[in-house]
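A.B. asks: Chains as they are written, first to last, in numbering that gives the first Met the number 0: chain A, 0 to 665; chain B, 0 to 356.
Virtual Cβ for every residue (Gly too), placed ideally from N, Cα, C.
Take this structure, written in structure tokens, and hold onto it; I'll ask about it next.
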Amino acid sequence: MCISFRAVFFIPFMLGSVCVAYGTPSDSISFDTKIDEVVVTGKSRELLPTTNTTQTLCLEKSDRLALQGVSDAVRRMAGAEIKDYGGVGGLKTVSVRGLGAKHTLVCYDGLPVTDCQNGQVDLGMFSLDQLDEIRLYIGEDCDINVSASHFASTSVLNLMSYDPINSDKNYHVVAKLTGGSFGFVNPHLFFDHKIGENKNNKIKASADFSRADGNYPYTLTNGTLKTEERREHSESVCGHGELSGRFFLSPKTQLKAKTHYYVSDRELPGGVIYYNTVSNETLKDKNAFAEVVSRTDWDRTMLIIGGKFNWNGCYYHDEAMMYPGGKLDNRYFQREWYGTAVVRHNFTEHFSMANATDYILNSFNSNIYDCVFPQRHTLLDALSGKFKNEKVTATATLLGSFFFNQVEIGEAPDNYQHLSPSIAVSYKPFAPSIYFRASYKDIFRMPTFNELYFNSFGARTLDPEKTKQFNVGVSYQYGSEERRVKSFGISADGYFNKVDDKIVAMPKMFIWSIVNMGYVEIKGLDFMTNLEVKTSDRMSLFFTAKYAYQYAVDLTDPKSDIYEHQLPYIPKHSGNGSVAFENPIVNVSYNVNAVGKRYYLPQNIRPNMMEAYAEHGVSLYKTFDFKKFDMKLRGDVVNLTDKQYEVVRFYPMPKRSYKASVEFKF
Amino acid sequence: MDFKRSFRAMALLMLGMVSFTACDDEEDDLKKSSNKVIYVLNEGSWNNNNASVSAIDPTDGSSYYYQFAAANGRNLGDTGQDILRYGGKIYIAVSGSNTIEVVDGNSLTSIKTIKPESGKPGNPRGLAASDGKIYVSLYDGYVAKIDTTSLAFEDSIAVGPNPEEITIANGCLYVAISDGWNSGNGYPNGKYVSKIGLDSFKVASKIDVIVNPNKMASDKSGNVFVISWGNYNDIPSTVQKIDKNDNVSVLGKATYMTCYENTLYTINAPLGAPSIEYVSYNTISGSVESSSFISGTADEMPSNPTCVSVNPKNGNILIGSYLAANDYLSNGYVYEFVDGSFKTRYNAGVGPRKILY
């Protein structure tokens, strides 16, 4: 019953992104070193990994991908899968390479967005309008300018907020209105303004609001019985507001500060129960955070210091005759204090080292009876070295993790400490952009507070869930402004993941069985390609495609009936693709997302199987340049073929729906 | 020209992507049993709509999944609780789906789906039958009476919060009142068994028992047995005997039980327990008959028991089990024992909960 609770956990942090050049030499100010990648593909940087498995999706030109939201954008990236409970208000989480959502750290502007209770983040709390760029790091990266938390997850999804750069103007304003089927309305506003003499100092403000009835029709299949139903009790309202600023304290030191507030109020239709679709559940989420980060660059040394406070409130309400007093009101509150310090020194032109230290304090309280008021102190220290020349890039990291648990009632779980190594190498043998890469990462995730403390059972003895990730890959990239084929890229990665002491939680009536059980192996292949062709002076074709193969099996007990069975919700085959045709009349893009058969329970038997599906979408868009502003119109048909499908079993997705938006940029 | 070429290229690429969708091979597992079989009600896993009726055939050791679906073309629903044969019909209480399925006693073909009205007490849990009436406990705090001719609710009575199993003895209905949703406050109203006169259909007495009563059974001499599941903490799951005069005595620790003639077979398998105990008691005297009524090698014993039952035709003991100690999601088994020794193991659905002869 906690499934809808928004969640998050760990806490890494990398500051800038290459999308933003702060006016000083661009590569020194950004927190990472993806500059070569930018050069190769020019401005239309797309998803392709190069020196490592990291992928970047720049949203400036994302209309050609016909993206329907942050979760849709993320699933276009190799290795990423989305769990979607359907509709505007339905929980959406990201899992990478079969490891589960709790292994992926979600960052917003480099700082972690966390949930110590559930360990996973609802991507539905972000909208594409807020963002400039989405970046996914998998396994060990070739980047050492990052916080220690960054090294402490199997993968990191970083969302970078919208930040227009135009040196001619003192301000930017964006106003957008989106409307769609089932009562969807979503106004969005953005504003920024320069402060003082230094053109790089500015303040930014943004706000949006969305609401939807979400009462879409669906076809319910129960054996041979098919009935037309409607997803009732699905209304959702949410909004967010943000104020941030960036100031240069000196030519070498810049400071960024941000405050953010998010609130959502949702009716939860729940999973479809045969013969009984009544639901009265509601969920209200509130999230507030404030953060400050400074970065100083000397000649060969860089220092980042940052801090953040995050607060989450979650209010769950249900009404039914079986509850004492006819209702249930559960409230959950979490707080997180986060601090990080990263120092990097370039010893030679080719060799640099960095040390990153993070301290995190998580605390949790609730009005539920068995709340033990847990706290966790986390100390992470990552020491890393990097070698880079024209052909070779290599990094090695050693992460020390220390966890101290406290509870107010009963006995606290044991403290835990661990040393985790990781390494990555890439090689670029010839002048054309061919990259070979290999990486290894040994990491774990701590049990979430829910897993440790959900009820008074022995779950406090849970061990961390351990993972080992191996990756080898190759990619080729070609780019030219003059030729007809402006860019072409192709990339393939083979990987092998091992998960030991997998934490499995199963509801058994009123009690939960939460245990470390299971050894899981995932062997996979990620393939990706993109192509941009200039068919004439004013016409271009864009093509992207991704394919993933995953053999993810339970190898816990050779005598068990589920030995070597494919893990729940992981299809062996999946992929998506998009084509866009940009021309002077109206631009059109088409996309398809296809998912092979998979199982919703661990046992691979037919009643547990979910059918394969393909979902198609078409989008039309056009930008009008007026003297003082730009206007963009866009219309979308989502799920064009009216296909009834589910991502999460018994959470039917909407059939065909429509969306339209108008956007003004001043 | 360029326009045309562009569109042609786009169409080709689209075609490629569409044909990428995978195909699946069909298999048939809705095979209907043909012989006279023993039915097993499988609870399923919460919110997964996978409650089922499976069948086992002791004559040849075969088993059949999804017999309700095979007979009716639709699934049983979510969280099967109880199954009862009365007259020529079988009644199945399905709690999550809020239905009582009435099916033909031989073919399992649906006769009627009884569904509490929206907004009225619902959530069927335990079933019992007497004198042409079916009694069903409703988790919303009631016991309802169903007429077996009209197959409609006839009457209902408030019994206490979150009633679980029910049994009939001494002309009365005994209802375990668990207050299960109020565990946070220590089940303040979940410490008794409601005794209801069948003729008056009124609460005759409240019998105090250990906290969180759940399972009920009775023998032919009017002895009633109740298992209280305790608080999953310092109060263990305990079986108690209620005599005709409402006197309660503790027999021992247990989580599942069944009455057969003058023997009460119990299993004690609380969550996370290192070992499972199989103790039988004399229902009249309450003394232990056997401290281990079945035995066998590790492979021959249930790893995660869910129920115990005795085949009235031959006295063989049948024990349901989940697939494994920590697996509450996969298809389980029914183990058969003859004179305390392992005979065979049948396939069953997820969480075999009741066995119907």
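Run down chain B in chain order and give the residues with a C-beta less than 7 Å from the C-beta of A:ASN221.
C.D. replies: In the first sequence, counting from the first residue as 1, residue 221 of chain A sits at position 222. Those within 7 Å of A:ASN221 in chain B are ARG73 and ASN74.
A.B. asks: Could you tell me whether the Cβ atoms of A:ASN354 and A:LEU382 are closer together than 8 Å?
C.D. replies: Taking the first residue of the first sequence as 1, we reach residue 354 of chain A at position 355. Taking the first residue of the first sequence as 1, we reach residue 382 of chain A at position 383. For A:ASN354 and A:LEU382, yes; Cβs fall inside 8 Å.
A.B. asks: Taking 8 Å as the cut-off, does the stretch 225–233 of chain A touch the stretch 272–279 of chain A (at least 3 CB pairs, one atom from each stretch)?
C.D. replies: Taking 8 Å as the limit for Cβ pairs, the verdict is that the stretch 225–233 of chain A does touch the stretch 272–279 of chain A.
A.B. asks: Could you give the distance in angstroms between the alpha-carbon of A:LYS654 and the alpha-carbon of A:SER126?
C.D. replies: Within the first sequence, the letter at position 655 stands for residue 654 of chain A. Within the first sequence, the letter at position 127 stands for residue 126 of chain A. Rounded to whole angstroms, A:LYS654 to A:SER126 spans 21 Å at the Cα level.
A.B. asks: Whose C-beta lies closer than 6 Å to the C-beta of A:HIS316 among residues of the same chain, with five residues either side of it excluded?
C.D. replies: Along the first sequence, one-based indexing puts residue 316 of chain A at 317. Closer than 6 Å at Cβ, skipping near neighbours: THR281 and ASP328.
A.B. asks: Say the cut is 7 Å; is the CB of A:ASN592 nearer than that to a heavy atom of the ligand NAD?
C.D. replies: The model on display carries no ligand, and the ligand NAD is accordingly not part of it.
A.B. asks: So which residues on chain B does A:GLN67 lean against when the C-beta distance must stay under 8 Å?
C.D. replies: Along the first sequence, read from residue 1 onward, the residue named residue 67 of chain A stands at position 68. Simply none; closest approach about 17 Å.
A.B. asks: Between which two residues does the alpha helix (DSSP H) harbouring A:SER70 extend?
C.D. replies: The residue labelled residue 70 of chain A in the question sits at position 71 within the first sequence. Looking at the DSSP string, the run of the alpha helix (DSSP H) that includes A:SER70 is 69–74.
A.B. asks: State yes or no: is the beta carbon of A:MET652 nearer than 8 Å to at least one beta carbon in chain B?
C.D. replies: To locate residue 652 of chain A, count along the first sequence from 1; it is residue 653. So, not an interface residue.
A.B. asks: Could you tell me whether the Cβ atoms of B:PRO123 and B:ALA92 are closer together than 8 Å?
C.D. replies: Translated into the one-based positions of the second sequence, residue 123 of chain B becomes position 124. Translated into the one-based positions of the second sequence, residue 92 of chain B becomes position 93. Against a cut-off of 8 Å, the Cβ pair of B:ALA92 and B:PRO123 comes out as a contact.
A.B. asks: Just verifying my parser: in three-state terms, what is the DSSP assignment at A:ARG63?
C.D. replies: Here the question's residue 63 of chain A lines up with position 64 in the first sequence. A:ARG63: helix per DSSP, three-state reduction.
A.B. asks: With a threshold of 16 other CB atoms inside 10 Å of the CB of B:SER291, please say whether the residue is buried or exposed.
C.D. replies: Walking along the second sequence from the start, residue 291 of chain B turns up at place 292. B:SER291 is exposed by the Cβ-count criterion.
A.B. asks: Within 8 Å (strictly less), CB to CB, does A:SER559 reach chain B?
C.D. replies: To locate residue 559 of chain A, count along the first sequence from 1; it is residue 560. Interface residue, yes.
A.B. asks: A:TYR434 by DSSP, collapsed to three states: which one?
C.D. replies: The residue given as residue 434 of chain A occupies position 435 in the first sequence. Note: A:TYR434 maps to strand in three-state DSSP.
A.B. asks: Could you tell me whether the Cβ of B:LYS114 comes closer than 8 Å to any Cβ of chain A?
C.D. replies: For the purposes of this step, residue 114 of chain B is identified with residue 115 of the second sequence, where counting begins at 1. True, the Cβ-Cβ gap to chain A drops below 8 Å.
A.B. asks: Taking its Cβ as the centre, do 16 or more other Cβ atoms sit within 10 Å of A:GLU228, making it buried, or is it exposed?
C.D. replies: By 1-based counting over the first sequence, the position of residue 228 of chain A is 229. Looking at its Cβ environment, which holds fewer than 16 other Cβ atoms inside 10 Å, A:GLU228 is exposed.
A.B. asks: Mind checking if A:ILE304 is an interface residue toward chain B, Cβ cutoff 8 Å exclusive?
C.D. replies: Locating residue 304 of chain A in the first sequence gives position 305, counting from the first residue. No, its Cβ sits nowhere closer than 8 Å to a Cβ of chain B.
A.B. asks: Based on DSSP bridge pairs, tell me the residues matched to A:MET320.
C.D. replies: Numbered from 1 along the first sequence, position 321 holds the residue referred to as residue 320 of chain A. DSSP, once it has assigned bridges, lists no residue as partnering A:MET320.
A.B. asks: Using a Cβ-Cβ distance under 8 Å, would A:VAL617 count as near chain B?
C.D. replies: Residue numbering aside, residue 617 of chain A sits at position 618 when the first sequence is read from its first letter. Taking Cβ atoms only, chain B never reaches closer than 8 Å to A:VAL617, which makes this a no.
A.B. asks: Residues of chain A with CB closer than 8 Å to the CB of B:PRO120, please, in chain order.
C.D. replies: What you label residue 120 of chain B is simply residue 121 of the second sequence in a count that begins at 1. Going along chain A in sequence order, the residues near B:PRO120 (Cβ under 8 Å) are MET320.
A.B. asks: Counting only Cβ pairs nearer than 8 Å, list the residues of chain A close to B:TYR138.
C.D. replies: Numbered from its first residue, the second sequence carries residue 138 of chain B at position 139. Going along chain A in sequence order, the residues near B:TYR138 (Cβ under 8 Å) are MET321.
A.B. asks: For the stretch 591–602 of chain A, which residues have a CB atom closer than 9 Å to at least one CB atom of chain B, in sequence order?
C.D. replies: Result list: VAL591, ALA593, VAL594, GLY595, LYS596, TYR599, LEU600, PRO601 and GLN602.
A.B. asks: Residue range of the alpha helix (DSSP H) that B:ALA297 falls in?
C.D. replies: On the second sequence, position 298 is the one that residue 297 of chain B refers to. Neither: B:ALA297 is in no alpha helix (DSSP H) and is coded neither H nor E.
A.B. asks: Which ranges would you report for the beta strand (DSSP E) in the stretch 482–511 of chain A if only whole runs of at least 3 residues count?
C.D. replies: Taking only runs of at least 3 residues, the beta strand (DSSP E) segments lying wholly in the stretch 482–511 of chain A are 484–499 and 502–507.
A.B. asks: Between A:GLY86 and chain B, is the shortest Cβ-Cβ distance under 8 Å, so that the two count as touching?
C.D. replies: Locating residue 86 of chain A in the first sequence gives position 87, where the first residue counts as 1. Taking Cβ atoms only, chain B never reaches closer than 8 Å to A:GLY86, which makes this a no.
A.B. asks: Counting beta carbon pairs with one atom in the stretch 597–607 of chain A and one in the stretch 627–640 of chain A, are three or more of them shorter than 8 Å?
C.D. replies: They do not touch, by the three-pair rule.
A.B. asks: If we ignore side chains and look at the alpha-carbon of each, how far apart do A:PHE665 and A:THR347 end up?
C.D. replies: Looking up residue 665 of chain A in the first sequence gives position 666. Looking up residue 347 of chain A in the first sequence gives position 348. C-alpha separation (whole angstroms): 45 Å.
A.B. asks: Please decide whether A:TYR273 counts as near chain B, where near means a Cβ-Cβ distance under 8 Å.
C.D. replies: The count along the first sequence starts at 1 and reaches residue 273 of chain A at position 274. Judged by the 8 Å Cβ criterion, A:TYR273 is in contact with chain B.
A.B. asks: In the DSSP assignment, the alpha helix (DSSP H) including A:HIS149 goes from what residue to what residue?
C.D. replies: Looking up residue 149 of chain A in the first sequence gives position 150. Here the alpha helix (DSSP H) through A:HIS149 covers 147–150.
A.B. asks: Look up A:ASP128 in the DSSP assignment and say whether it is helix, strand or coil.
C.D. replies: To locate residue 128 of chain A, count along the first sequence from 1; it is residue 129. DSSP places A:ASP128 in helix when its eight states are reduced to three.
A.B. asks: For A:GLY523 and chain B, any beta-carbon pair shorter than 8 Å?
C.D. replies: The sequence position of residue 523 of chain A within the first sequence is 524, counting from 1. For A:GLY523, the answer is no, since every Cβ of chain B falls outside 8 Å of its Cβ.
A.B. asks: Which one or two residues does DSSP pair with A:PHE443 in a beta bridge?
C.D. replies: The residue you call residue 443 of chain A lines up with position 444 of the first sequence. A:LYS465, per the DSSP bridge assignment.
A.B. asks: Give the secondary structure of A:ALA458 by DSSP, where H, G and I count as helix, E and B as strand, and everything else as coil.
C.D. replies: Translated into positions along the first sequence, residue 458 of chain A becomes position 459. The answer is helix: DSSP assigns A:ALA458 an H, G or I state.
A.B. asks: My output table needs one value for A:ARG605: the three-state DSSP class, helix, strand or coil.
C.D. replies: One-based indexing of the first sequence puts residue 605 of chain A at position 606. Looking at A:ARG605 - three-state DSSP - the assignment turns out to be helix.
A.B. asks: Using 8 Å as the limit for Cβ to Cβ distance, is B:THR296 near chain A?
C.D. replies: As a working mapping, residue 296 of chain B is identified with position 297 in the second sequence. Judged by the 8 Å Cβ criterion, B:THR296 is not in contact with chain A.
A.B. asks: Going by alpha carbons, who is nearest to B:VAL223 out of B:PRO212, B:TYR231 and B:GLY229?
C.D. replies: Counting from 1 along the second sequence, the entry for residue 223 of chain B is found at position 224. Nearest option by C-alpha distance: B:PRO212.
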